[in-house]
Amino acid sequence: MMRQRRIIPGVDPQLLIKDAASLMPAASRRAFLRGAASLGALTLLTGCDIIDGDTAEGVLRKISAFNDGAQAALFSPTKLAPTYPESAITRPLPFNAYYDEDDAPVVDGNSYKLEVAGLVDNKKPWTLAELHALPEVSQITRHVCVEGWSAIGSWQGTPLSEFLARIGADTRAKYVWFKCAEGYTNTIDMPTALHPQTQMTFKYDHKILPRAYGFPMKIRIPTKLGFKNPKYVVAMEVTNTDRGGYWENQGYNWFSGL
Ligand SMILES: Nc1nc2c(c(=O)[nH]1)N[C@H]1C(S)=C(S)[C@@H](COP(=O)(O)O)O[C@H]1N2
Ligand SMILES: [Mo]
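Residue numbering for the sequence shown is 37 to 294, as defined by my numbering.
Now the structure itself:
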């Protein structure tokens with residue numbers, strides 16, 4: 037069970053999801069049910085935080101007012117996730133993990149080395165100074181947690197595709213697997229790894245990534261639910277073997293796209 041459970045009081049999330057799906061236009065419904073038919077995905081679809089004062093009826097009303105084309109696009113693996121202006125950033129961005137914030141790993145940036153393994157030409161580990169010298173891009177996107185909350189944040193780093201090119205990764209491989217300082221793990225598919233918005237992130241809101249958000253490095257994937265965004269990443273492996281992940285191994289939908 038995740039640490040925070042935020043649902044509409046008195047409402048069974050599974051029933052709400054079922055009702056919401058039945059109201060969706062056909063194309064959106066198929067994509068929704070194929071992907072993460074979760075409170076998190078509903079949150080993104082309704083464009084509001086369904087835990088913040090919304091009623092089940094309100095959510096269902098918004099769903100029934102959908103524009104089919106626009107909503108179907110949200111689930112496409114090739115489309116870009118929506119981006120937002122600075123003024124839309126949620127302050128503060130919530131912390132989330134399977135433990136309390138005080139128990140978040142403390143990684144020493146001076147001795148940190150990112151281990152690189154698997155189907156790559158160059159397995160040399162990367163120091164933080166070397167990683168910080170990579171070209172920087174920025175995104176303001178919505179982070180959607182499967183538990184039914186979302187928040188808009190500002191992340192800076194280098195496209196993961198850029199890093200994979202530099203280490204000579206075999207991009208015909210099926211997966212990239214990540215290992216985190218406290219033991220959390222996560223596998224993503226290669227198309228997601230190469231998606232233009234998938235970012236190897238070193239900064240939050242233009243400042244060095246705070247401990248809460250994954251210092252020294254996290255993978256930011258705005259097209260995936262929050263749990264597919266590993267924080268405190270210490271190793272990555274390019275592989276043809278699906279090694280699963282912390283939540284995936286406990287039954288969460290593997291793809292978990294938005
Ligand atoms: N290493 C690690 N990464 C993790 C988690 C975790 O427990 N450990 N939790 C995931 C979940 S469920 C969410 S919603 C996001 C929260 O990221 P944030 O604290 O930056 O908002 O981190 C994801 N990545
Ligand atoms: Mo999450």
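The beta carbon of each residue, even a glycine, is placed where N, CA and C say it ideally should be.
ask   = Pairing CB atoms from the region 174 to 183 with CB atoms from the region 202 to 211, are three or more of them under 8 Å?
value = With a cut-off of 8 Å, the region 202 to 211 and the region 174 to 183 do not count as touching, because too few Cβ pairs lie within range.
ask   = Relative to ligand 2, is the shortest distance from any of its heavy atoms to the C-beta of C181 smaller than 7 Å?
value = Checking every heavy atom of ligand 2 against the Cβ of C181, one is found closer than 7 Å.
query = Per the contact definition of three or more C-beta pairs closer than 8 Å, is the region 266 to 282 in contact with the region 217 to 236?
reply = The region 217 to 236 vs the region 266 to 282: in contact.
ask   = Can you tell me the Cα-Cα spacing of N146 and A56, whole angstroms?
value = For N146 and A56, the gap between their C-alpha atoms comes out near 49 Å.
inquiry  = Ignoring anything shorter than 3 residues, give me the beta strand (DSSP E) runs that lie fully in the region 215 to 269, in order along the chain.
reply    = Segments of the beta strand (DSSP E) lying fully in the region 215 to 269: 221 to 225, 235 to 240 and 254 to 256.
ask   = Across which residues does DSSP place E198 in a beta bridge pair?
value = Per DSSP, none; premise fails for E198.
ask   = With C-beta atoms as the reference, is M253 less than 8 Å away from L150?
value = A contact, by the Cβ cut-off of 8 Å.
query = Quick one: what does DSSP say R178 is sitting in, helix, strand or coil?
reply = The DSSP-derived three-state label of R178 is strand.
message = Closest to E218 by C-alpha separation, out of V269, P171, P161 and L170, would be which residue?
response = In this structure, V269 is the residue among V269, P171, P161 and L170 with its C-alpha nearest to the C-alpha of E218.
Sequence-distant residues of its chain with Cβ nearer than 8 Å to I125 (five each side left out) = Close CB contacts of I125 within its chain, under the 8 Å cut and outside five residues either way in sequence, are with I176, I188, G189, S190 and D241 (chain order).
inquiry  = Quick check: what's the CA-CA separation for L69 versus L230?
reply    = CA-CA distance, L69 to L230, rounds to 24 Å.
ask   = With distances taken between CB atoms, is the gap from F251 to V152 smaller than 8 Å?
value = For the pair F251 and V152, the CB atoms are not nearer than the 8 Å cut-off.
message = DSSP three-state label for E172, please.
response = Three-state result, E172: coil.
inquiry  = Going by C-alpha to C-alpha distance, which of E122, T119 and L129 sits closest to L245?
reply    = For L245, the nearest C-alpha among the options comes from L129.
message = Could you check whether the Cβ of F263 sits closer than 7 Å to any heavy atom belonging to ligand 2?
response = Relative to the non-hydrogen atoms of ligand 2, the Cβ of F263 comes within a distance shorter than 7 Å of at least one.
ask   = Expressed to the nearest angstrom, what Euclidean distance is found between the alpha-carbon atoms of P171 and P232?
value = Rounded to the nearest angstrom, the two C-alpha atoms are 14 Å apart.
task = Go ahead and label P258 buried or exposed: buried means 16 or more other beta carbons lie within 10 angstroms of its beta carbon, across all protein chains shown.
result = Under this definition P258 is a buried residue.
task = Report yes if the C-beta of Y268 is less than 7 Å from at least one heavy atom of ligand 1; otherwise report no.
result = Yes, ligand 1 has a heavy atom inside 7 Å of this Cβ.
ask   = Between L78, Y220, E273 and C216, which lies nearest to Y148 when the distance is taken from Cα to Cα?
value = Nearest to Y148 by alpha-carbon distance, out of L78, Y220, E273 and C216, is C216.
request  = Kindly identify the DSSP beta-bridge partner or partners of A77.
outcome  = Its beta-bridge partners do not exist; DSSP assigns none.
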